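Protein chains in written order, with the UniProt record's numbering: chain A, 1 to 127; chain B, 1 to 127.
Cβ coordinates follow ideal geometry from the N, Cα and C atoms, glycine included.
These figures come from a predicted structure and were not determined experimentally.
Quick notes on the structure that follows.
2 protein chains.
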Amino acid sequence: MERSKVLSALSALAHESRLDLVRLLVPRGKEGLPAGEIARALGLSASRLSFHLAALEQAGLIRSRKVSRNVIYSVDLAGIGGAISYLLADCCMDHPEVLACCGASAHRALHLVAEGEEVPRITDPES
Amino acid sequence: MERSKVLSALSALAHESRLDLVRLLVPRGKEGLPAGEIARALGLSASRLSFHLAALEQAGLIRSRKVSRNVIYSVDLAGIGGAISYLLADCCMDHPEVLACCGASAHRALHLVAEGEEVPRITDPES
DNA sequence: TCCATGTTTCAACTACTCGTGAAACGTTGA
DNA sequence: TCAACGTTTCACGAGTAGTTGAAACATGGA
Numbered sequence: 001m002e003r004s005k006v007l008s009a010l011s012a013l014a015h016e017s018r019l020d021l022v023r024l025l026v027p028r029g030k031e032g033l034p035a036g037e038i039a040r041a042l043g044l045s046a047s048r049l050s051f052h053l054a055a056l057e058q059a060g061l062i063r064s065r066k067v068s069r070n071v072i073y074s075v076d077l078a079g080i081g082g083a084i085s086y087l088l089a090d091c092c093m094d095h096p097e098v099l100a101c102c103g104a105s106a107h108r109a110l111h112l113v114a115e116g117e118e119v120p121r122i123t124d125p126e127s
Numbered sequence: 001m002e003r004s005k006v007l008s009a010l011s012a013l014a015h016e017s018r019l020d021l022v023r024l025l026v027p028r029g030k031e032g033l034p035a036g037e038i039a040r041a042l043g044l045s046a047s048r049l050s051f052h053l054a055a056l057e058q059a060g061l062i063r064s065r066k067v068s069r070n071v072i073y074s075v076d077l078a079g080i081g082g083a084i085s086y087l088l089a090d091c092c093m094d095h096p097e098v099l100a101c102c103g104a105s106a107h108r109a110l111h112l113v114a115e116g117e118e119v120p121r122i123t124d125p126e127s
């Protein structure tokens, strides 16, 4: 993920309402939620929500699709994952102490990647 | 990690110079670098650097200590790790697709955590 | 076609962040 | 004690983000 994209993702996430928005959208997955419902859930005015949605979409963290009168917003998991991955790998160079903070998540990640296989040995820490 | 702390960490990181600063500091570890050297490395004026350093320190991402005339700045790995962990676990609820983006880092994290042990089974994905 | 609904756009304002250069501060060595 | 050095603080101006309410736009149903 390019640096500029990461920067806009970070600044998009660095706002209370927008962080709430992502948290609301993540469990909905690709199905997403219409803007009106999001506004109700977060207690935001329509125009303010629209503003924040645009910021998140611009940053590649959410997507939108139109369904009749509604605009459905859903999280772009690859976008968020890319930003987090940048922080972890490119920015912190997978520093052990940083990774240790994410230990619980790492367990789940590895199970996902390895799908039950034995843990592969790391041969090249920089790859 | 508290929400407000995460928000200030994110907005501190959402700036080119400050992201550079963290990237510069991470490999130095606890040893850190004096402000002047950082300024030279990043091509920032002293006052600008001081501003950015204050923002990062305020957000709990770096620490400082005074050594004679110099102020040495070093990265606060737990602070950065905490913010990343929040994004991964609390915000994205360890969503498989997000974790998959961090697969390579996860391998290293798990090796760190398990220290060569066999991969433990996950019994409670929500824990 | 007309109206109601869902959503975005706009204009105006406020508040904040960023950057610059100068001044101030604290420490060290002469 | 004084000057030099490393760093922070300050005042200022420019630019950008955030909020609000009203208006505009698009769609679907009567």
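With the rule of 3 Cβ pairs closer than 8 Å, the stretch 16-25 of chain A counts as touching the stretch 54-64 of chain A. For the stretch 4-23 of chain A, the residues whose beta carbon sits under 9 Å from a beta carbon of chain B are, in order, S4, V6, L7, S8, A9, L10, S11, A12, L13, A14, H15, E16, L19, V22 and R23.
Taking every protein chain shown into account, the CB of A:R3 has fewer than 16 other CB atoms within 10 angstroms, so this residue is exposed. In this model, A:V71 and A:A39 are separated by some 12 Å (Cα to Cα).
With respect to the 9 Å criterion, A:A12 and A:L56 are classified as neighbours on the basis of their beta carbons. In terms of CA proximity to B:G29, B:I80 leads the group B:I80, B:S105, B:D90 and B:I84. In this structure, the CA atom of A:C91 is about 42 Å from the CA atom of A:S68. Counting every other CB atom within 10 Å of its CB across the protein chains shown gives B:A46 a total below 16, marking it as exposed.
Using a Cβ-Cβ cut-off of 7 Å, B:S105 is close to S85, L88, A89, D94 and L99 of chain A, given in chain order. In terms of beta-carbon proximity, A:A41 stays away from the interface with chain B, with every pair separated by 9 Å or more.
Within chain B, no C-beta atom comes nearer than 9 Å to that of A:I62; the closest sits roughly 13 Å away. According to the DSSP assignment, A:S64 belongs to the beta strand (DSSP E) that extends over I62 to V67. A direct Cα-to-Cα measurement between B:R108 and B:I84 gives close to 15 Å. Only residues of its own chain outside the window of five on either side were considered, and among them G60 have a CB closer than 7 Å to the CB of A:K5, listed in chain order. Under a criterion of Cβ atoms nearer than 9 Å, the residues of chain A adjacent to B:V26 are, in order, C91, C92, M93, H95 and V98.
Excluding five sequence positions before and after B:E31, the CB atoms of its chain that fall closer than 7 Å to its own CB belong to S74, given in chain order. For A:G82, at least one C-beta of chain B is nearer than 9 Å to its own C-beta.
Counting C-beta atoms within 10 angstroms of its own C-beta, A:G43 has fewer than 16 neighbours from the protein chains shown and is therefore classed as exposed.
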